[in-house]
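Numbering (the working numbering), first residue to last: 89 to 374.
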């Protein structure tokens, strides 16, 4: 996997790229960056070219004035122009959802298909809510490096304790003994995590009312009913508003992180199958 930082017509952007074939562009979730590969699971890099930009405020992509989904979308289009890629499969994860909605609605000629995976589809957090206030305290630029440093340090000594604590943040399922392989996979993703200025921007993100209904491309919405990070209502909202969409509601172990667990492979296969379908019509379902 190559990681580069390039100057585009809309500013500096860091991205990773691996594979060859059909281009798939990933919009990562909160606290992440272009180094994350959890959502690459199942992709044959002899058939797909996987491109992951660090969204503004994450990795080495500066936030600058790109604090809205619209400006982030413009930066992504500038990256595609730089790479000379006309059209991509767009795969949005969690807090990357609103930028994907802006992209698919405002630049339909550049998006072949859309996947909304555990994705935010409308205003996410209530400013008066406990989660928003906690996020502001823990993940602001003054504290986030300390918080993630402590998480990584403690996870090296007490991996099960950290995994159990985070499990309840991701899943509504009752606490239980977690598989060692799942714990390792979770903690492996944390190695690259930092909030920087990106997460404080994410929790303020919103898009214009009705913009989502302008999306014309075939869309797969895949979301767990057990998601304890982004409520299932975000998936239902996207399904109502996007004409050519199909909603798959999961009853999985890890909730928000459906790429982890014994039931992950079936979900991942479903996503790959959707991508490989050639011009297949998609039934609108709730």
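Note that beta-carbon positions come from the ideal geometry of N, C-alpha and C, so glycine has one too.
Looking from the CA of residue 200, the closest CA among 303, 353, 290, 135 belongs to 303. In this chain, the beta strand (DSSP E) harbouring residue 110 covers 110-115.
Judged by pairs of C-beta atoms under 8 Å, the region 150-161 touches the region 188-200, as three or more such pairs exist. The beta carbon of residue 147 sits closer than 6 Å to those of 102, 121, 122, all from its chain and outside the five residues before and after it, given in chain order. Residue 322: member of the alpha helix (DSSP H) spanning 321-329, first to last residue. In this structure, the CA atom of residue 175 is about 19 Å from the CA atom of residue 361. According to the DSSP assignment, residue 312 belongs to the beta strand (DSSP E) that extends over 306-312. For residue 274, the enclosing alpha helix (DSSP H) stretches over residues 268-278.
Per DSSP, the unbroken alpha helix (DSSP H) holding residue 247 starts and ends at 247-258. In the displayed model, residue 102 falls within a strand according to three-state DSSP. Here the region 196-213 lies against the region 278-294, with 3 or more beta-carbon pairs under 8 Å apart. If you draw a straight line from the Cα of residue 137 to the Cα of residue 202, it comes to about 16 Å. A direct Cα-Cα distance of roughly 27 Å separates residue 261 from residue 114. Checking the DSSP bridge columns, you'll see residue 166 has no partner listed. It is roughly 36 Å from the alpha-carbon of residue 96 to the alpha-carbon of residue 324.
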